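Numbering (the numbering used here), first residue to last: 420 to 808.
No residue lacks a Cβ here, since even glycine has one placed at the ideal position from N, Cα and C.
Quantities reported herein were computed from a predicted structural model and do not represent experimental measurements.
Below: the structure, in structure tokens.
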């Protein structure tokens, strides 16, 4: 506590004067630093202050001056932050420059990485695909589409020329004009559609050529085989069967199915071989195989009886022949089939086999050369045959 404060409480006027003295001292920082640095200089400062106020017509006591000097001297050791403003901001920034520099570096790094990443993504997902699409379009317009147009046009025109099809030639030329215009207009989609139209027309023309070739080939076969059939010594039924097979070849040739033509030719060849061959028709008599079967015909409640037979050529080999199944009307190529016979005939063969396990008389008929029909040596019923049982 100061001597002034311990002696007596200062008056209001003394406080005002002391405050003024403090302000005076504060306004001259050099005065503070210099005069308050030692006791001698403090005494000199007090004398100067007293003389200064006396010159202004004010009598200031030594106690008041002492109080003011002590108050100001105490303020020298108290930190007072700078007032907010530009100066404070600049000094604060300077003091914290390392911290701010680190943060600024991080921020700049993030920004740089962001910019680099954005530019990379922009190139990878936007610019690069656009460039590739542009290069692809240029390649299509400059090379691919013109080359394809030339190839499909030449192919289609070749077929049209062979077919002497002037309408198709005109259509190809019109499509070529459309495609070339589309290429000049850089319309790859329209050009592609035009090329596809020419290609499809070319495929149609090729199919027409193939059909004509098949017809011509079939006609040669039919003409040659018809002449052969005309010179054969065959009965009427055999001739009719062969002519029907030749007609099937003609119908198949007119269709677009090459496999049907091959099948028709194969059927004709099989029938011709059958007509020209001689077969013995025998009752099947082998271990493990049936010699006869019967069917129960539900509509009439009757039993139908069949003997199982096969065709054997002159060398003793069993041959497959075409057999029409009476139950479904379909023709099958079979090595064994069954012919319908009266019950009495069926039971006679059955008794023969049951006697000693074999059929003594297996001969059922013969199919002579030049005929398609079988001459049966046993009674049959309407030549009805089945192929499965």
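- In the DSSP secondary-structure assignment, residue 714 is bridged to 723.
- The alpha-carbon separation between residue 538 and residue 588 amounts to approximately 54 angstroms.
- Straight across, the Cα-Cα distance linking residue 773 with residue 767 is about 10 angstroms.
- Residue 676: not part of any alpha helix (DSSP H); DSSP gives it neither H nor E.
- For residue 730, the closest alpha carbon among the candidates 753, 710 and 482 is that of 753.
- Under DSSP, residue 794 forms a beta bridge with 785.
- Boundaries of the beta strand (DSSP E) harbouring residue 741: 740-743, taken from the DSSP string.
- Under the DSSP assignment, residue 519 falls in the alpha helix (DSSP H) whose first and last residues are 516-541.
- If the five residues before and after residue 484 are omitted, its C-beta is found closer than 7 angstroms to the C-beta atoms of 440, 465, 468 and 469, all from its own chain and listed in chain order.
- With distances taken between CA atoms, residue 738 lies nearest to 696 out of 623, 696 and 612.
- Residue 752 has 741 as its beta-bridge partners, per DSSP.
- Per DSSP, reduced to three states, the secondary structure at residue 768 is helical.
- The beta carbon of residue 745 lies closer than 7 angstroms to those of 803, 804 and 805 in the same chain, with the five residues before and after it left out.
- In the structure shown, residue 701 adopts extended strand secondary structure according to DSSP, grouped into three states.
- Remark: C-beta atoms of residue 797 and residue 755 do not approach each other more closely than 8 angstroms.
- Here residue 804 carries a strand assignment [DSSP, helix/strand/coil].
- As DSSP reads the structure, residue 731 sits in a beta bridge with 699 and 737.
- Annotated three-state conformation of residue 685 is helix, per DSSP.
- Positions of the alpha helix (DSSP H) runs, each at least 4 residues long and wholly inside the stretch 546-597, are given as 547-558 and 564-582 in order along the chain.
- Distance from residue 785 to residue 700 at the Cβ level is roughly 6 angstroms; contact confirmed, criterion being Cβ atoms closer than 8 angstroms.
- The C-beta of residue 515 has fewer than 16 other C-beta atoms within 10 Å across all chains shown, which makes the residue exposed.
- DSSP places residue 709 in the coil class of the three-state scheme, outside both helix and strand.
- Looking at the DSSP output, residue 759 shares a beta bridge with 725.
- The Cβ neighbour count for residue 724, taken over all protein chains shown within 10 Å, is at least 16; the residue is labelled buried.
- Per the coordinates, the alpha-carbon of residue 740 lies some 46 angstroms from the alpha-carbon of residue 580.
- At a Cβ-Cβ threshold of 8 angstroms, residue 571 and residue 614 count as neighbours.
- Contact annotation: residue 564 and residue 607 have beta-carbon atoms nearer than 8 angstroms.
- The continuous alpha helix (DSSP H) containing residue 636 extends over residues 607-650.
- When the beta-carbon positions are compared, residue 672 and residue 634 come within less than 8 angstroms of each other.
- Taking all protein chains shown into account, residue 807 has fewer than 16 neighbouring C-beta atoms within 10 Å of its C-beta and is therefore exposed.
- Assigned with DSSP and collapsed to three states, residue 779 falls in coil, not helix or strand.
- Of the residues 622, 518, 751 and 670, the one whose Cα lies closest to the Cα of residue 578 is 622.
- Taking C-beta separations shorter than 6 angstroms and ignoring five residues to either side along the sequence, the partners of residue 714 in its chain run 723, following chain order.
- Between the stretch 636-654 and the stretch 598-605 there are fewer than three C-beta pairs closer than 8 angstroms, too few to call the two in contact.
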